[in-house]
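Trainee: If you want my numbering, it's the position in the sequence shown, counting the first as 1, plus 233.
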Amino acid sequence: MTLDDTKMRIIYAAMKAVRQYGLEGVRIQNVSELAGISPGAIYRYFDGKDQLLIECFTYVDKQAAEIFEHLRFNPLTMLTDPMKAVKKLWLPYFRFWTSHPDETVFYHRFRDSTFFPKYDKSRDITYFKTFIGMVHAFKKVFPSLDQINQDLLWLHVLTSTVMYAKYVVEGILPDNQETEDTVFQLLTTGLSGYLKIGKPKKGSRE
234 MTLDDTKMRI
244 IYAAMKAVRQ
254 YGLEGVRIQN
264 VSELAGISPG
274 AIYRYFDGKD
284 QLLIECFTYV
294 DKQAAEIFEH
304 LRFNPLTMLT
314 DPMKAVKKLW
324 LPYFRFWTSH
334 PDETVFYHRF
344 RDSTFFPKYD
354 KSRDITYFKT
364 FIGMVHAFKK
374 VFPSLDQINQ
384 DLLWLHVLTS
394 TVMYAKYVVE
404 GILPDNQETE
414 DTVFQLLTTG
424 LSGYLKIGKP
434 KKGSRE
């Protein structure tokens with residue numbers, strides 16, 4: 234097993250351990266047991282629990298961002314059916330989370346922790362450049378979107394998507410198309426009013 238393989242084994246074990254014991258409750262010993270390696274071996278790759286958890290989050294965050302790299306995105310489809318275009322981008326993202334239970338529970342708990350705000354300030358999100366490019370394309374076609382606080386809008390969509398996916402992997406919600414359709418409707422209620430072509434009037438509050 235190569236060095237990278239061992240490091241990935243630790244990362245996967247850490248996420249599984251967080252799902253079992255919680256973010257605060259998890260210990261290096263728990264991770265070592267799930268990874269099948271000694272605690273000392275973990276410290277050869279990570280300084281401690283905090284660094285390990287950060288690297289777990291960064292790994293999953295990059296995996297999620299990569300989804301948008303593989304999507305075929307044609308801005309022209311936004312003109313005919315904007316909500317369908319949004320759903321075509323959102324659905325693979327939602328399905329990534331529902332098909333990765335350990336990652337989803339870990340990611341949600343990490344983002345919801347007191348540890349996250351401090352980490353978020355120095356976090357590198359350049360790997361989301363493709364997604365950000367898609368957002369800019371939407372804003373170019375639908376300038377009304379500029380009337381919404383962008384940080385709040387995308388924070389709502391992305392974090393709520395993970396939250397509902399967590400409910401699916403925990404068995405609270407069924408893993409079926411009805412859940413997907415309902416979650417999408419809940420997330421985009423209110424958004425459709427801004428997906429109108431044309432330049433908004435100055436001073437308009439609509």
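For every residue, glycine included, the Cβ atom is placed at its ideal position computed from N, Cα and C.
Here's a check: name, in chain order, each residue in its chain whose Cβ is nearer than 7 Å to the Cβ of P308, leaving out the five neighbours to either side.
Mentor: Counted from its first residue, the sequence shown places residue 308 at position 75. Same-chain partners within the cutoff: A370 and V374.
Trainee: Whole angstroms are fine: how far does the CA of D384 sit from the CA of Y205?
Mentor: No answer is possible for residue 205: the residues shown for the chain start at 234 and end at 439.
Trainee: Is H333 helix, strand or coil when you go by DSSP?
Mentor: Counting from 1 along the sequence shown, the entry for residue 333 is found at position 100. Looking at H333 - three-state DSSP - the assignment turns out to be coil, as it is neither helix nor strand.
Trainee: Please report how far the alpha carbon of T359 lies from the alpha carbon of P325, in whole angstroms.
Mentor: Counting from one through the sequence shown, the residue named residue 359 turns up at place 126. Counting from one through the sequence shown, the residue named residue 325 turns up at place 92. Rounded to whole angstroms, T359 to P325 spans 20 Å at the Cα level.
Trainee: Roughly how many angstroms separate the alpha carbons of T239 and F279, rounded to a whole number?
Mentor: Translated into positions along the sequence shown, residue 239 becomes position 6. Translated into positions along the sequence shown, residue 279 becomes position 46. The alpha-carbon atoms of T239 and F279 are separated by roughly 12 Å.
Trainee: Can you give me the C-alpha to C-alpha distance between T480 and K429, rounded to a whole angstrom?
Mentor: As displayed, the chain neither begins before 234 nor continues past 439, which places residue 480 out of reach and without an answer.
Trainee: Less than 9 Å between the C-beta atoms of V401 and P407, yes or no?
Mentor: Within the sequence shown, the letter at position 168 stands for residue 401. Within the sequence shown, the letter at position 174 stands for residue 407. Contact flag set, yes.
Trainee: Helix, strand or coil for P376, going by three-state DSSP, please let me know.
Mentor: Residue mapping note: residue 376 aligns to position 143 of the sequence shown, counting from 1. Note: P376 maps to helix in three-state DSSP.
Trainee: Verify whether the separation of the beta carbon atoms of I243 and A268 is less than 9 Å.
Mentor: Position 10 of the sequence shown, counting from 1, holds the residue named residue 243. Position 35 of the sequence shown, counting from 1, holds the residue named residue 268. Closer than 9 Å, so yes.
Trainee: Tell me which residues share the same chain as M311 and place their Cβ nearer than 7 Å to its Cβ, disregarding the 5 neighbours each side in the sequence.
Mentor: Along the sequence shown, one-based indexing puts residue 311 at 78. Excluding positions up to five away in sequence, the list reads A318, F371 and V374.
Trainee: Work out the CA separation of G366 and G281 for me, nearest whole Å.
Mentor: The sequence position of residue 281 within the sequence shown is 48, counting from 1. The sequence position of residue 366 within the sequence shown is 133, counting from 1. Cα-Cα distance, rounded: 36 Å.
Trainee: Is it true that the CB of M241 sits closer than 9 Å to the CB of D335?
Mentor: Here residue 335 corresponds to residue number 102 of the sequence shown, with the count starting at 1. Here residue 241 corresponds to residue number 8 of the sequence shown, with the count starting at 1. No, these two residues do not count as a Cβ contact at 9 Å.
Trainee: Compute the distance between the beta-carbons of Y340 and V395, then report whether it is under 9 Å.
Mentor: Stepping through the sequence shown from its first residue, residue 340 is reached at position 107. Stepping through the sequence shown from its first residue, residue 395 is reached at position 162. In this structure, V395 lies closer than 9 Å to Y340 by Cβ.
Trainee: Compare the beta carbon distance of F327 and E413 with 9 Å and say whether it is the shorter of the two.
Mentor: To locate residue 327, count along the sequence shown from 1; it is residue 94. To locate residue 413, count along the sequence shown from 1; it is residue 180. In this structure, E413 lies closer than 9 Å to F327 by Cβ.
Trainee: Please state whether the Cβ-Cβ distance between V264 and I275 is less than 9 Å.
Mentor: Position 31 of the sequence shown, counting from 1, holds the residue named residue 264. Position 42 of the sequence shown, counting from 1, holds the residue named residue 275. Yes, the pair counts as a contact, with Cβ atoms nearer than the cut-off.
Trainee: Under the three-state reduction of DSSP, which class applies to N307: helix, strand or coil?
Mentor: For the purposes of this step, residue 307 is taken as residue 74 along the sequence shown, with counting starting at 1. In this structure, N307 counts as coil in the three-state DSSP scheme.
Trainee: Applying the criterion that 16 or more other CB atoms from any shown protein chain within 10 Å of the CB defines a buried residue, is Y427 buried or exposed?
Mentor: Mapped onto the sequence shown, residue 427 falls at position 194. Y427 comes out buried.
Trainee: Is DSSP giving L388 helix, strand or coil here?
Mentor: Walking along the sequence shown from the start, residue 388 turns up at place 155. Correct three-state label for L388: helix.
Trainee: Residue range of the alpha helix (DSSP H) that P272 falls in?
Mentor: Stepping through the sequence shown from its first residue, residue 272 is reached at position 39. It spans P272 to Y276 - the alpha helix (DSSP H) in which P272 sits, taken as one unbroken run.
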